[in-house]
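Numbering (the numbering used here), first residue to last: 352 to 720.
As structure tokens, this is what we get:
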């Protein structure tokens, strides 16, 4: 607290030196607002939060459209309005926070890494609004935005686990709503619902995704809706990532994922629903990113199991993105890189032969045009 008290003194002094009209006033406002926001986080005094909101609002007024710091200002005010909503449950705070985070998101091109914070903030806002009003569209939006945020934080990133946890909470809520609407779906469904609806914690997240993937697999088997199969693959991928190689249930996760993928490939072969859905696309992107992560970890730790698993995952990616898919050539190259790494480590000639064959495939594909 001594450091924070000193920061208060310095920030107040800086603000006094930068009156209205001074070009440095924006930075002084943000510095003092951060002090109030930090003290609220530490002590919970509402007056500090109110002061932070006031100062951040004034700072935003100094950042009109086109200003280089507008994104930061929109985000700062949005985050503190979310805090005030959690304290007072006033809907106008949450609605304004949604507008601010959406404005930030629209200032970044799709897929830009810095878009993560606005997408993550929006997902939490819509989840909170669903909790307050019970509108299912808000919950669906929270899931969609949570997945978009997750895509910007690849395996190994420090924010990735938090994203998966928040996403699991929204999936759990959606499942709970389905249970309350549809009622019992048989003994298996009741047992599975009991597993999903138990209190959630960090250790439960991977298991939750695993159970939900089985739920969608059962739905697919009963109704033959390809969207359910794609959702099962996506959720199984999340479970697999959280378990990785050193988890006792990893083998079960990879086994179920392989089963789901085999079924999806059969739909490709039959020419039924050949297009990649949003859920399937996210699942394949996650598998590809996880393969990259394991290959990088192999290069650092030299655990051959990591490289072996990366090869397995990249093979799954190629099954789900066959020849003709725009990403197929780059996915071939990903597998080739892993195989040549394994050849250097084990001197297995088969790996080298397959690498050469894989690298020739994109050339043949290009030669057709």
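Ideal Cβ placement from N, Cα and C applies to all residues, glycine included. Remember, predicted model here, so these are calculated numbers, not experimental data.
Own chain partners of residue i with C-beta closer than 6 angstroms, once the 5 adjacent residues on each side are dropped
i: residue 676; result: none
i: residue 715; result: Confidence at residue 715 is low in this model, with a pLDDT of 44, below 50, so the placement of that residue is unreliable and no value is reported for it.
i: residue 685; result: 665
i: residue 410; result: 377, 380, 381, 424
i: residue 679; result: 672
i: residue 733; result: Residue 733 lies beyond the stretch modelled for the chain, which goes from 352 to 720, so this question has no answer here.
i: residue 420; result: 414
i: residue 511; result: 504
i: residue 565; result: none
i: residue 575; result: none
i: residue 719; result: Here the model assigns residue 719 a pLDDT of 28, short of 50, so the residue's position is not dependable, and the following value carries that caveat. No residues qualify anywhere along the chain.
Expected contact under 8 angstroms - CB spacing of residue i and residue j to nearest Å
i: residue 594; j: residue 604; result: 5 angstroms
i: residue 589; j: residue 560; result: 4 angstroms
i: residue 689; j: residue 658; result: 6 angstroms
i: residue 493; j: residue 478; result: 4 angstroms
i: residue 360; j: residue 369; result: That belief does not hold up - the Cβ atoms of residue 360 and residue 369 are roughly 15 angstroms apart, past 8 angstroms.
i: residue 556; j: residue 601; result: Contact doesn't hold; Cβ gap of about 15 angstroms is too wide.
i: residue 655; j: residue 696; result: 6 angstroms
Check whether residue i and residue j have beta carbons under 8 angstroms apart
i: residue 445; j: residue 470; result: no
i: residue 504; j: residue 633; result: no
i: residue 383; j: residue 406; result: yes
i: residue 397; j: residue 438; result: yes
i: residue 570; j: residue 587; result: no
i: residue 422; j: residue 458; result: yes
i: residue 649; j: residue 592; result: no
i: residue 672; j: residue 635; result: yes
i: residue 581; j: residue 628; result: yes
i: residue 563; j: residue 619; result: no
i: residue 455; j: residue 427; result: no
i: residue 631; j: residue 585; result: yes
i: residue 611; j: residue 568; result: yes
i: residue 483; j: residue 442; result: yes
Collapsed DSSP secondary structure at residue i in the structure displayed
i: residue 715; result: Reliability fails at residue 715, whose pLDDT of 44 lies under 50, so the model's placement of it is uncertain and the value that follows must be treated cautiously. Helix.
i: residue 486; result: coil
i: residue 495; result: helix
i: residue 720; result: Residue placement at residue 720 cannot be trusted, given a pLDDT of 26 that sits under 50; what the coordinates show is reported in the next sentence. Reduced to three states, the DSSP call for residue 720 is coil.
i: residue 312; result: Nothing can be reported for residue 312: it is not among the residues displayed for the chain, which extend from 352 to 720.
i: residue 369; result: coil
i: residue 475; result: helix
i: residue 446; result: helix
i: residue 503; result: coil
i: residue 413; result: coil
i: residue 375; result: coil
i: residue 628; result: coil
i: residue 614; result: helix
i: residue 360; result: helix
i: residue 707; result: helix
i: residue 680; result: helix
i: residue 519; result: helix
i: residue 634; result: helix
i: residue 457; result: helix
i: residue 462; result: coil
i: residue 672; result: coil
i: residue 595; result: coil
i: residue 389; result: helix
7 angstroms CB neighbourhood of residue i in its chain, flanking five on each side removed
i: residue 500; result: 467, 470, 471, 474, 514
i: residue 717; result: Low confidence applies to residue 717: its pLDDT is 33, below 50, so where it sits in the model is not reliable enough to give any reading.
i: residue 476; result: 433, 445, 448, 449, 452
i: residue 431; result: 388, 400, 403, 404, 407
i: residue 358; result: 386
i: residue 506; result: 592, 640, 641, 644
Cβ-based neighbour list, residue i, same chain, cut-off 8 angstroms, excluding 5 preceding and 5 following
i: residue 699; result: 693
i: residue 528; result: 487, 490
i: residue 350; result: Since the first residue shown for the chain is 352 and the last is 720, residue 350 is missing from the structure and cannot be characterised.
i: residue 309; result: Missing from the structure shown is residue 309; the chain here goes from 352 to 720 and no further.
request  = For the stretch 481-489 and the stretch 452-468, state whether three or more C-beta atom pairs, one from each stretch, are separated by less than 8 angstroms.
outcome  = no
task = Assess, as a yes-or-no matter, whether the stretch 362-377 is touched by the stretch 396-403 under the definition of 3 or more beta carbon pairs within less than 8 angstroms.
result = no
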